[in-house]
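Participant: First, the structure itself, so that you have it in front of you.
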Amino acid sequence: MDLETEKYDKFLLVSLNAKRLDSSISREFETALNDWIAKGETRILLDLSLVDFMDSSGMGSMVSCLKKLKTGNNGDDLMLCGITEQVLSLFKLTRMDRVFTIFDSMSSAFKALY
Amino acid sequence: MIPTTPDYAIHYAIKAKAMNVRLLGLSVRGVSALTPLGKSFSHQLELCIVEAANNIIRHAYHQINDGHIDLFVRIFKEYIEFEFRDTGIPINTSPQPAFKPLDPQNVASWPDESMKMGVFLIQSIMDETRYRHDRGINHLHLIKRF
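Right, dumping it as structure tokens:
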């Protein structure tokens, strides 16, 4: 699993360089996110533009981290961008599109957050 | 369903490991191209197969990397059928708590443990799901009509 990060003043950008967020990598992924949260990151923008498949374990790892952030200060968040149509169908089936803040692309995320 | 001869049939046999589930999913995505179902449904079928296989690893084999999973895929004129077979612990068929969409306004209500999303996805996407335990073998049938 390959994660790239870039720190901006308003959030940490995390890009997942993997085609599949599934049970093979979901624990490692969740651990990485939790590590950043433990280091004090409170707003994370997750770029999923390369991910063309996600299963419930991948979704569950993101929900777990989102819950951790949302129970912190008001405004703490795990935001998502670049979700493909196939992955978005999972969000819609489970109504997680109502739970997460989702941007179409990284550029639209930056426009909204600055 | 009246049993007939499928137009296509293929049998996969994998060791019950997470990386092998990926192979199964990708294979099913490819096989789905033989059906009239569009690309979005191929992806949903892949999701169902991955969820079912993960559940077998997690619950039937309790994550012990010792078991095997057989998947039979049969394509008929009007539907595609997936049959999983494993020799793990039988499914608990008593009523279980179901997946509930999260309330975005009530974070405290979000479960910390498994959300049972996998079963919900399978039942939402597939038209028919059937399970039986027969002489030490679990059989899970998933059917999607065209």
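These protein sequences, in sequence, are chains C and E. The numbering used here numbers the first residue of the first sequence as 11 and each following residue consecutively. The numbering used here numbers the first residue of the second sequence as 165 and each following residue consecutively. Using N, Cα and C, we set each Cβ at its ideal position, and we do this for glycine too.
1. Given that a residue counts as buried once 16 or more other Cβ atoms are within 10 Å of its Cβ, and exposed if not, what is E:E210?
2. E:F310: buried (16+ other C-beta within 10 angstroms of its C-beta) or exposed?
3. So, is E:Q208 buried or exposed, given that buried needs 16 or more other C-beta atoms within 10 angstroms?
4. Looking only at its own chain, which residues have a Cβ that is under 7 Å from the Cβ of E:Y243, when we skip the five neighbours before and after it?
5. Could you round the C-beta distance between C:E51 and C:L22 to whole angstroms and report it? I think they count as a contact, below 8 Å.
6. State yes or no: is the C-beta of C:R105 within less than 9 Å of the C-beta of E:L285?
7. Is the beta carbon of C:L88 closer than 9 Å to that of C:L76?
8. Would you mind telling me which residues of chain E sit closer than 9 Å to C:M69, beta carbon to beta carbon, in chain order?
9. Counting only C-beta atoms, is E:S204 closer than 9 Å to chain C at any point?
10. By the three-class DSSP mapping on this structure, what secondary structure does E:V271 have?
11. Taking a cut of 8 Å between CB atoms, which residues from the region 178–193 of chain E lie near chain C?
Facilitator: With the structure as the only source:
1. buried
2. exposed
3. buried
4. I307, K308, R309 and F310, listed in sequence order.
5. 5 Å
6. no
7. yes
8. M279 and M281
9. yes
10. helix
11. A182, M183, V185, R186 and G189
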